[in-house]
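Q: Protein sequence lines correspond, in order, to chains A and B.
Under my numbering, think of the first position of the first sequence as 346, with each following residue one higher.
Under my numbering, think of the first position of the second sequence as 346, with each following residue one higher.
Beta carbons are placed, not taken as given, at the ideal position from N, Cα and C, and that holds for glycine.
Keep in mind that this is a model prediction, so the values were computed, not measured.
2 protein chains.
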Amino acid sequence: MKHVPTVETQSLSPVAADRLRELVALVLERNPFHRARLEGVDPDGELRLTDLPPLGKRELVADQARHAPFGTNLSYPLERYTQLWQTSGTTGPPLRVLDTAEDWAWWRGLFAHTLRVAGIRPEDRVALAFSFGPHVQFWAAQQGLQELEAMAVPLGGMPSVQRLQTIAEVEATAVWCTPTYALRLLEVAVEQRLEGALESVQRVICTGEPGASLPAVRSRIEDGFAAQCIDHAGLTEAGPFGYPCPAGHGLHVLEEEFACEIVDDELRPTALGQGGELLITPLRRTGSPVLRFRTGDVVVNTDARCPAGHEDRWLPGGIVGRTDDMVVIRGMNVYPSAVEEAVRRVSGSGEFRITFYSEPTGLDEIKLEVELEEGDGARRLQDIMRQQLGLRVRIVPVTPGILPRPDGKSRRVVDDRPVRAGAP
Amino acid sequence: MKHVPTVETQSLSPVAADRLRELVALVLERNPFHRARLEGVDPDGELRLTDLPPLGKRELVADQARHAPFGTNLSYPLERYTQLWQTSGTTGPPLRVLDTAEDWAWWRGLFAHTLRVAGIRPEDRVALAFSFGPHVQFWAAQQGLQELEAMAVPLGGMPSVQRLQTIAEVEATAVWCTPTYALRLLEVAVEQRLEGALESVQRVICTGEPGASLPAVRSRIEDGFAAQCIDHAGLTEAGPFGYPCPAGHGLHVLEEEFACEIVDDELRPTALGQGGELLITPLRRTGSPVLRFRTGDVVVNTDARCPAGHEDRWLPGGIVGRTDDMVVIRGMNVYPSAVEEAVRRVSGSGEFRITFYSEPTGLDEIKLEVELEEGDGARRLQDIMRQQLGLRVRIVPVTPGILPRPDGKSRRVVDDRPVRAGAP
Chain A
346 MKHVPTVETQ SLSPVAADRL RELVALVLER NPFHRARLEG VDPDGELRLT
396 DLPPLGKREL VADQARHAPF GTNLSYPLER YTQLWQTSGT TGPPLRVLDT
446 AEDWAWWRGL FAHTLRVAGI RPEDRVALAF SFGPHVQFWA AQQGLQELEA
496 MAVPLGGMPS VQRLQTIAEV EATAVWCTPT YALRLLEVAV EQRLEGALES
546 VQRVICTGEP GASLPAVRSR IEDGFAAQCI DHAGLTEAGP FGYPCPAGHG
596 LHVLEEEFAC EIVDDELRPT ALGQGGELLI TPLRRTGSPV LRFRTGDVVV
646 NTDARCPAGH EDRWLPGGIV GRTDDMVVIR GMNVYPSAVE EAVRRVSGSG
696 EFRITFYSEP TGLDEIKLEV ELEEGDGARR LQDIMRQQLG LRVRIVPVTP
746 GILPRPDGKS RRVVDDRPVR AGAP
Chain B
346 MKHVPTVETQ SLSPVAADRL RELVALVLER NPFHRARLEG VDPDGELRLT
396 DLPPLGKREL VADQARHAPF GTNLSYPLER YTQLWQTSGT TGPPLRVLDT
446 AEDWAWWRGL FAHTLRVAGI RPEDRVALAF SFGPHVQFWA AQQGLQELEA
496 MAVPLGGMPS VQRLQTIAEV EATAVWCTPT YALRLLEVAV EQRLEGALES
546 VQRVICTGEP GASLPAVRSR IEDGFAAQCI DHAGLTEAGP FGYPCPAGHG
596 LHVLEEEFAC EIVDDELRPT ALGQGGELLI TPLRRTGSPV LRFRTGDVVV
646 NTDARCPAGH EDRWLPGGIV GRTDDMVVIR GMNVYPSAVE EAVRRVSGSG
696 EFRITFYSEP TGLDEIKLEV ELEEGDGARR LQDIMRQQLG LRVRIVPVTP
746 GILPRPDGKS RRVVDDRPVR AGAP
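1) Tell me which residue opens and which closes the beta strand (DSSP E) that B:Glu622 is part of.
2) Quick one: grab the DSSP three-state call for A:His597.
3) Can you tell which of B:Lys402, B:Glu492, B:Ala361 and B:Asp669 has the C-alpha that lies nearest to the C-alpha of B:Thr432?
4) Quick one, are the C-beta atoms of B:Gly427 and B:Trp449 less than 8 Å apart?
5) With distances taken between CB atoms, is the gap from B:Ile566 to B:Ala463 smaller than 8 Å?
6) Three-state secondary structure (DSSP) at A:Pro350?
7) Where B:Leu539 and A:Glu656 are concerned, what is the direct C-alpha to C-alpha distance, given to the nearest angstrom?
8) Grab the span of the alpha helix (DSSP H) containing A:Gly489 for me, first residue to last.
9) Using a beta-carbon distance cut-off of less than 8 Å, what residues from the stretch 539–555 of chain B approach chain A?
10) What does a CB cutoff of less than 6 Å around A:Ile575 pick up in its chain, not counting 5 residues either side in sequence?
11) Using the three-state DSSP reduction, which class does B:Gln431 fall into: helix, strand or coil?
12) CA-CA distance, A:Arg380 and A:Arg364?
13) With DSSP as the reference, please indicate the residues paired to B:Gly298 in a beta bridge.
14) What residue range is occupied by the uninterrupted alpha helix (DSSP H) comprising B:Arg403?
15) Quick one, which of A:Glu611, A:Asp610, A:Leu628 and A:Leu596 has its alpha-carbon nearest A:Phe603's?
16) Relative to the alpha-carbon of A:Thr700, which residue among A:Arg757, A:Phe475 and A:Gly478 has its alpha-carbon at the smallest distance?
17) Does the Cβ-Cβ distance between A:Thr631 and A:Ser420 come in under 8 Å?
18) Measure from the C-beta of A:Met503 to each C-beta in chain B and report whether the shortest distance is under 8 Å.
19) Flag A:Leu429 as yes if its beta-carbon sits less than 8 Å from any beta-carbon of chain E, otherwise no.
20) Run through the stretch 714–767 of chain A for me and flag every whole beta strand (DSSP E) of 3 or more residues, listed as ranges in chain order.
21) State yes or no: is the C-beta of B:Arg425 nearer than 7 Å to some heavy atom of the ligand COA?
22) Which value, in whole angstroms, describes the spacing of the CA atoms of A:His480 and A:Pro504?
23) Is it right to say B:Gly662 is buried, meaning 16 or more other beta carbons lie within 10 angstroms of its own, or is it exposed?
24) Name, please, each residue of chain A whose Cβ falls closer than 8 Å to the Cβ of B:Glu468.
25) Roughly how many angstroms separate the alpha carbons of B:Gly502 and A:Glu582, rounded to a whole number?
26) Pull the bridge partners of B:Arg658 from the DSSP assignment, please.
27) Using a Cβ cut-off of 9 Å, which residues of the stretch 564–596 of chain A contact any Cβ in chain B, in chain order?
28) For A:Gly618, I'd like the list of residues in its chain whose CB is within less than 8 Å of its CB, leaving aside the five on either flank, ordered along the chain.
29) With DSSP as the reference, label A:Ser564 as helix, strand or coil.
30) What's the gap between the Cα of B:Thr626 and the Cα of B:Leu612?
31) Establish whether the CB of B:Glu514 and some CB of chain A are separated by less than 8 Å.
32) In terms of residues, what are the limits of the beta strand (DSSP E) holding A:Gln510?
33) Which of the three DSSP states is assigned to B:Val546 in this structure?
34) Per DSSP, which one or two residues make a beta bridge with B:Pro614?
35) Counting only Cβ-Cβ distances shorter than 8 Å, please list the residues of the stretch 476–493 of chain A near chain B, keeping chain order.
36) Which residues share a DSSP beta bridge with B:Trp521?
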């Protein structure tokens with residue numbers, strides 16, 4: 346059973362290539378979902394990553410709908426599984442994902458690694474400013490801290506004011522939350538004259554949204570907390586694939602744990618310097634594995650090393666957008682994250698809401714409701730949009746406090762355009 | 346350093362006596378809080394449990410107020426602690442309690458033991474019908490399951506209907522919640538015509554309140570779910586000291602882990618057959634230890650073995666009340682749990698609220714607002730109260746749905762009596 350590495354597996358390290366072969370052999374032997382998809386793949390023959398079909402979330406959802414409640418992407422009998430997660434359903438029906446005790450230990454270890462790289466030490470006290478429901482990332486946060494033996498301070502169920510008070514009282518050195526909620530917490534601190542409550546905080550660890558990779562969001566958080574903003578990335582289906590480069594402003598991927606490709610709309614490798622969708626193959630999560638999973642995360646392809654000189658594969662700027670957030674307006678690809686980035690660059694801007702709508706003439710337009718301070722904020726924002734994004738946007742300044750305040754993931758996009766024939 | 350066991354340590358097993366001596370030596374060496382309290386105790390001399398002063402929650406709270414935020418009950422430097430808990434503050438100001446990684450592993454192991462005794466197996470799917478905040482018991486539940494490798498299904502943040510749907514969809518074999526919420530979930534199932542949702546449930550594990558030890562509450566839960574109701578007991582300060590006897594309807598204490606005494610108001614040993622307050626000394630939780638902790642839980646003292654023949658010390662009927670819930674009305678000790686027990690014995694009874702108040706004449710009275718079905722429920726309830734509790738109670742039947750529905754611990758007692766001079 347000797348394998349001749351081909352062009353494709355040469356892009357994997359020998360360890361990664363071995364792990365990929367083991368994974369493919371395992372799923373062909375035991376996993377009904379992948380066995381059906383990988384027909385014709387010979388695990389003992391030459392194995393190229395690109396011989397495997399990319400996997401979209403929809404296929405997993407459809408499989409689960411046909412074979413409720415857990416689908417057929419199971420490599421082991423059900424009693425081996427110890428954790429049940431559910432995706433948030435932001436971009437479609439929620440998907441259930443199971444982990445075995447081994448897979449969950451793998452998550453924990455990777456989260457502990459992420460934390461260590463980000464500078465968290467056992468002496469840190471990390472306030473967890475979120476609730477714990479069926480979504481994996483919050484549990485992985487808590488368990489990663491446990492693995493690292495830093496102190497976890499759960500703030501679930503508390504209103505924001507009480508969270509701020511607790512942060513102050515226990516002198517938390519770090520806060521973990523969504524980037525949206527980090528900004529909300531700052532807003533409450535100012536409203537309630539509790540700015541001093543965040544004095545002990547040295548790091549804000551962001552989760553659940555790509556926001557903390559956006560430079561303007563990041564600096565808004567860093568300025569507000571007078572602390573370092575730490576991003577990382579992961580998906581329920583694919584695991585915690587991106588850990589932060591604290592020095593280089595971007596993410597890294599551990600390539601012995603994740604095979605990583607960046608592709609264009611037609612799933613061809615993206616040219617260097619270009620953005621494309623990240624495909625992830627977690628090599629050692631075997632209970633409900635995914636092969637070449639279409640993350641929907643848009644990243645920039647580079648062969649450069651990060652400015653800090655770290656070895657692992659670098660994603661400069663981290664997650665720069667989501668393919669499923671992208672809206673085509675008058676032929677332009679519009680990412681809501683780019684709009685958010687522009688908003689945050691205008692000082693004094695607050696909550697906002699993006700609405701895509703159609704004029705009676707049939708032309709698609711963008712309306713941006715946004716809380717702005719007195720002055721020329723609206724004009725500045727319009728200029729940034731036009732110059733940097735090439736977008737003409739109708740800016741509607743709104744009174745502060747009117748737009749809803751999300752407590753977790755943001756819900757800031759409204760798509761009011763009529764459904765078109767042939768739309769997905 | 347040979348120890349002559351005295352009368353008192355003879356009531357401890359040799360293992361427990363050794364562990365007690367180790368604990369006392371440790372706290373005398375390293376723990377400022379206990380060092381101050383145990384002045385005069387010689388760890389190398391004879392050591393009788395009753396030589397140590399009992400410890401009330403108030404002393405811990407006062408110490409924490411003086412030495413914010415964590416107090417002085419710390420045997421190790423702060424960076425050794427990994428978990429921060431906060432009591433619910435039902436009976437006073439909240440107390441913060443820290444655990445080290447070792448102490449937390451001890452909790453997990455004891456919860457896994459509780460689950461195993463209760464019949465939970467790795468193939469079980471346990472729906473966690475609560476939120477995760479700063480209270481320890483819910484985290485211990487989740488981590489005990491993890492230790493056992495049963496499947497944890499977190500339902501935090503979901504409304505009751507969605508919880509029922511998820512229980513049905515994943516075919517949960519057990520539900521874990523407060524007894525109050527178990528009854529609430531049944532109520533929602535009936536209201537929403539979702540009774541079938543609970544079909545797969547074989548066990549209801551109750552936590553956070555003594556309710557599931559009350560026979561009528563227990564049988565209400567068992568009938569409603571057509572499942573076994575499992576109780577257990579623990580306190581943030583003292584650890585998970587009581588595991589259920591599934592056959593004997595009561596709790597057991599692992600005496601190698603917990604030294605256990607039952608005492609009267611004046612802290613003298615309670616006679617056999619009598620109820621008294623449980624004092625607990627967890628022998629191997631060393632980070633923030635308590636010695637002879639006054640749990641406030643009322644249990645019955647017996648030297649009988651449980652009907653199922655289990656070896657460990659038996660608390661028949663489990664927790665039968667709380668000293669701090671007790672109200673003295675016209676010279677009678679009234680436990681709200683006894684009132685609840687009476688309410689649940691009347692078929693068709695729903696939510697209720699107990700109000701203690703003073704008549705203009707100065708006499709204290711009890712009002713019981715309760716949801717009852719048509720018929721003679723009110724009269725029956727009055728009879729039960731008078732005959733079994735010796736209480737004269739004003740029963741006020743109320744329209745179903747008006748009284749608040751607690752989602753976690755119950756809050757069913759209102760004390761409207763004027764504060765008396767000399768009251769605690």
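A: Let's see:
1) Gly620 to Pro627
2) strand
3) B:Lys402
4) One point to set straight first is that residue 427 of chain B is Thr, not Gly, in the sequence displayed. The answer is yes: Cβ separation under 8 Å.
5) no
6) In this predicted model, A:Pro350 has a pLDDT of only 36, less than 50, meaning its place in the structure is not dependable; the value taken from the coordinates is given anyway. The answer is coil: DSSP assigns A:Pro350 none of H, G, I, E or B.
7) 55 Å
8) Val481 to Leu493
9) none
10) Ala463, Arg548, Ile550 and Pro589
11) strand
12) 18 Å
13) Nothing about residue 298 of chain B can be reported from this structure: the residues present for chain B run from 346 to 769 only.
14) Lys402 to Arg411
15) A:Leu628
16) A:Arg757
17) yes
18) yes
19) Within the model displayed, chain E is absent; protein chains A and B are what it includes.
20) 739–743 and 758–760
21) In terms of ligand content, the structure shown is empty, and the ligand COA therefore cannot be addressed.
22) 20 Å
23) buried
24) Leu423 and Glu424
25) 21 Å
26) B:Val598
27) none
28) Val645, Asn646 and Thr647
29) helix
30) 15 Å
31) yes
32) Run containing A:Gln510: none in the beta strand (DSSP E); it sits in the alpha helix (DSSP H), Ser505 to Glu514.
33) coil
34) B:Val608
35) Ser476, Phe477, Gly478, Pro479, Trp484, Leu490 and Gln491
36) B:Leu473 and B:Ile550
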